[in-house]
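Peer 1:
2 protein chains.
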Amino acid sequence: MSFSPLIRQLIDSLRILPGVGQKTAQRMALQMLERDRSGALRLAQALTQAMEGVGHCKQCRSLSEDEVCQLCLDPRRDDSLMCVVEGPMDVYAVEQTGYRGRYFVLKGHLSPLDGLGPEAIGIPELLARIKQGGFSEVILATNPTVEGEATAHYIAQLLANKGLIASRIAHGMPLGGELELVDGGTLAHALAGRRPIGL
Amino acid sequence: MSFSPLIRQLIDSLRILPGVGQKTAQRMALQMLERDRSGALRLAQALTQAMEGVGHCKQCRSLSEDEVCQLCLDPRRDDSLMCVVEGPMDVYAVEQTGYRGRYFVLKGHLSPLDGLGPEAIGIPELLARIKQGGFSEVILATNPTVEGEATAHYIAQLLANKGLIASRIAHGMPLGGELELVDGGTLAHALAGRRPIGL
C-alpha cells in the first residue's frame, strides 16, 4: 500500500531537511496530520516568510532581513578585529565565546574539485570589505578540515601581500577530551602548539 | 547575539516536528536558507496542501484525501477480516506483513488519566463499522503497552458480548533478538505462548 498523493508529496518535501530520511519523514508527516495541523500551517507560513524575507547582509554576507545586519550596525563592537568564517551558523558559534569584533561570512570553503574557486566563495568581497574597514587583525576561523585549512592559507597569503596580519584559530585538544581517544593529527598540533604555564 | 525575527520564527516553528530540538531546528533553518530555498518553498506548499487536503476515511478513519480511502474501496481485499490499530502509521506497518483484510484506525488508546475514554478514541465508530460489515474475525493490533493491552481487552469484551471473535497479535521474542537481552515480561509471554514444532 502506498501513501496518497498529497501525503507522499509532503514526505518527499520533508526529506530536504538535513538528517531526515524516508522513515523520519513519514513519521513527521503523519504526526503533523494526526496531531498538529495548525502548527504545520504555521510552519508553512514561517518557511515562506523566511525564504522570501531573509537575504544577506551586504557588509558581512551573513543572513539578514535588513540590508546591513544588526551585528554590523552595532556601534559597540570592536572595529579593529575581523573574524572570517565558512557559514552563518559559525557566526552564532563564535558569538557564544564572547568575541566582540566584526565578521565576514564566506560561502563555504575553496574546493577546486567541485569548481569552487575564490570568486565562488566570496573572497573578492572579503578583500573589498577589508580594504574598506581599518582592521588591525583578521582571524581566520574556517573549519580545521583540509579544505578549511587550504582556504585559510590562501586568504593569509593574499593578506600578507597587503601587509595585513592574519591569525588562525588554535588547534589542539578539545576541553574534556582524552589523549588516548583523540586522533594523532590533533595531538601533534596540541604538542606543537604547547605554551609555557604562567604561574 | 540572537537570530533575526523571521529566522527565529522559522526555528520555533520547526520544533513542532517530532525529534527536532533547538539545535537541530537551527541547523535545519540555516541550511535551508543557505542552500535550498526553492526546496523550502516546495515544503511550505506541500505542508499547506496536505493539511488542507487530507482528511479521514469515513469507513476506516485512516488518513485519506477522498471520502473513502483506496484501501477501503479495493474490492480484492478480504472482507471477513478486520484489523484494529492505534494510528495511521500502524496501517502502513501492518501492510508490510502481507495482511490483506480491512482496517479500523482508533485515535490512539484508552487513557483515563488523560481523559481519553471510549468515545474519544472512536470506539462507537468501530462498533458501528463492525455492525455494518460481515467480519468473521477482528484482530486487535493495538501496541503491546499497558494502555494498548487495556484498549484491546476493552474492545474484546464489547465484541464478546455481541458474539464476535476477537484475536490479539502474539507477544514473544522479536526475530533476531537475544534471550539474554530481552526483558522478563516479553520472555514470559514467549514461554507461555510456546507452540509445538511442526516437523
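Quick note, the sequences are listed as chains A and B, same order. For the first sequence, the working numbering gives the first residue as 27, with consecutive numbering after it. For the second sequence, the working numbering gives the first residue as 27, with consecutive numbering after it. For every residue, glycine included, the Cβ atom is placed at its ideal position computed from N, Cα and C.
Taking C-beta to C-beta, are residue 94(A) and residue 113(A) nearer than 9 Å?
Peer 2: Here residue 94(A) refers to the residue found at position 68 of the first sequence. Here residue 113(A) refers to the residue found at position 87 of the first sequence. No, they are not a contact pair.
Peer 1: Alpha carbons only, please: which of 157(B), 159(B), 198(B), 191(B) is nearest the one belonging to residue 170(B)?
Peer 2: Position 144 of the second sequence, counted from the first residue, corresponds to residue 170(B). If we check each option's Cα against that of residue 170(B), 198(B) comes out closest.
Peer 1: Taking 9 Å as the CB-CB cut-off, is residue 177(A) touching chain B?
Peer 2: Position 151 of the first sequence, counted from the first residue, corresponds to residue 177(A). Residue 177(A) does not count as touching chain B.
Peer 1: Are the C-beta atoms of residue 60(B) and some chain A residue less than 9 Å apart?
Peer 2: Taking the second sequence and counting its residues from 1, the one referred to as residue 60(B) is at position 34. Yes - at least one Cβ of chain A is within 9 Å of the one on residue 60(B).
Peer 1: List, in order along the chain, the chain B residues whose C-beta lies closer than 8 Å to that of residue 77(A)?
Peer 2: Mapped onto the first sequence, residue 77(A) falls at position 51. Ordered by position in chain B, the residues that pass the 8 Å Cβ test against residue 77(A) are 58, 59, 63, 66, 67, 70.
Peer 1: If you reduce the DSSP assignment to three classes, tell me which class residue 63(A) lands in.
Peer 2: Translated into the one-based positions of the first sequence, residue 63(A) becomes position 37. Correct three-state label for residue 63(A): helix.
Peer 1: Assuming contact is defined by CB atoms lying nearer than 9 Å, are residue 45(B) and residue 53(A) in contact in what I supplied?
Peer 2: Here residue 45(B) refers to the residue found at position 19 when the second sequence is read from its first residue. Here residue 53(A) refers to the residue found at position 27 when the first sequence is read from its first residue. Between residue 45(B) and residue 53(A), the C-beta spacing is below 9 Å.
Peer 1: Under a three-way DSSP split, which group does residue 125(B) fall into?
Peer 2: As a first step, residue 125(B) is located in the second sequence; it is residue number 99 there, counting from the start. Coil.
Peer 1: Please state the DSSP three-state secondary structure of residue 228(A).
Peer 2: Any question about residue 228(A) goes unanswered here, given that chain A covers just 27 to 225.
Peer 1: Against chain C, which members of the segment 78 to 92 of chain A pass a CB distance test of less than 7 Å?
Peer 2: No chain C is present in this structure, whose protein chains are A and B.
Peer 1: Can residue 65(B) be considered in contact with the ligand FAD, in the sense that its beta carbon sits closer than 8 Å to one or more heavy atoms?
Peer 2: In the structure on display, the ligand FAD does not appear, and there are no ligands present to speak of.
Peer 1: Please list, in chain order, all residues of the same chain as residue 96(A) whose beta carbon is under 7 Å from its beta carbon, the five residues on each side excluded.
Peer 2: Along the first sequence, one-based indexing puts residue 96(A) at 70. For residue 96(A), where only same-chain residues beyond five positions count, there are no Cβ hits under 7 Å.
Peer 1: Is there a Cβ of chain B sitting closer than 9 Å to that of residue 39(A), yes or no?
Peer 2: Taking the first sequence and counting its residues from 1, one reaches residue 39(A) at position 13. At a cut-off of 9 Å, the C-beta of residue 39(A) has a neighbouring C-beta in chain B.
Peer 1: What does the alpha-carbon distance come out to for the pair residue 144(A) and residue 182(A)?
Peer 2: Within the first sequence, residue 144(A) is the residue found at index 118, counting from 1. Within the first sequence, residue 182(A) is the residue found at index 156, counting from 1. Those two C-alpha atoms are separated by around 13 Å.
Peer 1: Just verifying my parser: in three-state terms, what is the DSSP assignment at residue 173(B)?
Peer 2: Counted from its first residue, the second sequence places residue 173(B) at position 147. Residue state, collapsed to three classes: helix.
Peer 1: Looking at the structure shown, is residue 210(B) part of a helix, part of a strand, or coil, going by DSSP?
Peer 2: The residue you call residue 210(B) lines up with position 184 of the second sequence. Looking at residue 210(B) - three-state DSSP - the assignment turns out to be helix.
Peer 1: Any idea what DSSP makes of residue 162(A), helix, strand or coil?
Peer 2: The sequence position of residue 162(A) within the first sequence is 136, counting from 1. Coil.
Peer 1: Can you tell me which of the three DSSP states residue 196(A) falls into?
Peer 2: Position 170 of the first sequence, counted from the start, is the residue given in the question as residue 196(A). In the structure shown, residue 196(A) sits in coil (DSSP, three-state: anything other than H, G, I, E or B).
Peer 1: If you draw a straight line from the alpha carbon of residue 203(A) to that of residue 217(A), how long is it in whole angstroms?
Peer 2: On the first sequence, residue 203(A) is found 177 positions in, with the first residue counted as 1. On the first sequence, residue 217(A) is found 191 positions in, with the first residue counted as 1. Between residue 203(A) and residue 217(A), the C-alpha separation is close to 15 Å.
Peer 1: Count the other C-beta atoms from every protein chain shown that fall within 10 angstroms of the C-beta of residue 59(B), then say buried if there are 16 or more, exposed otherwise.
Peer 2: Taking the second sequence and counting its residues from 1, one reaches residue 59(B) at position 33. It counts as buried.
Peer 1: Find the nearest neighbour of residue 89(A) within the set 82(B), 67(B), 63(B), judged by alpha-carbon distance.
Peer 2: Taking the first sequence and counting its residues from 1, one reaches residue 89(A) at position 63. If we check each option's Cα against that of residue 89(A), 63(B) comes out closest.
Peer 1: Are the C-beta of residue 118(B) and some C-beta of chain A separated by less than 9 Å?
Peer 2: As a first step, residue 118(B) must be located in the second sequence, where it is residue number 92. Closer than 9 Å to some Cβ of chain A, the Cβ of residue 118(B) qualifies, so yes.
Peer 1: Tell me the rounded alpha-carbon separation between residue 164(A) and residue 126(A).
Peer 2: Position 138 of the first sequence, counting from 1, holds the residue named residue 164(A). Position 100 of the first sequence, counting from 1, holds the residue named residue 126(A). When rounded, the distance between both Cα atoms is 13 Å.
Peer 1: Of all the CB atoms in chain B, is at least one closer than 9 Å to the CB of residue 130(A)?
Peer 2: Translated into the one-based positions of the first sequence, residue 130(A) becomes position 104. Cβ-Cβ to chain B under 9 Å: no for residue 130(A).
Peer 1: Relative to the alpha-carbon of residue 187(B), which residue among 157(B), 214(B), 172(B) has its alpha-carbon at the smallest distance?
Peer 2: Here residue 187(B) corresponds to residue number 161 of the second sequence, with the count starting at 1. Ranking 157(B), 214(B), 172(B) by Cα distance to residue 187(B) puts 157(B) first.
Peer 1: Would you report the Cα separation of residue 101(A) and residue 195(A), rounded to the nearest angstrom?
Peer 2: Within the first sequence, numbered from 1, the residue matching residue 101(A) stands at position 75. Within the first sequence, numbered from 1, the residue matching residue 195(A) stands at position 169. Roughly 25 Å between the two C-alpha positions.
Peer 1: Over the uninterrupted alpha helix (DSSP H) stretch that includes residue 96(B), give me the two end residues.
Peer 2: Position 70 of the second sequence, counted from the first residue, corresponds to residue 96(B). From DSSP, the alpha helix (DSSP H) with residue 96(B) extends over 96 to 99.
Peer 1: Taking residue 51(B) as the reference, which of 42(B), 37(B), 221(B) has the closest Cα?
Peer 2: For the purposes of this step, residue 51(B) is identified with residue 25 of the second sequence, where counting begins at 1. The option with the nearest alpha carbon to residue 51(B) is 37(B).
Peer 1: Which residue comes first and which comes last in the alpha helix (DSSP H) that contains residue 31(B)?
Peer 2: Along the second sequence, one-based indexing puts residue 31(B) at 5. Annotation for residue 31(B): the continuous alpha helix (DSSP H) segment containing it runs 31 to 40.
Peer 1: What is the DSSP secondary structure of residue 215(A), counted as helix, strand or coil?
Peer 2: Here the question's residue 215(A) lines up with position 189 in the first sequence. Residue state, collapsed to three classes: helix.
Peer 1: What's the gap between the Cα of residue 67(A) and the Cα of residue 70(B)?
Peer 2: Position 41 of the first sequence, counting from 1, holds the residue named residue 67(A). Position 44 of the second sequence, counting from 1, holds the residue named residue 70(B). For residue 67(A) and residue 70(B), the distance between alpha carbons rounds to 8 Å.
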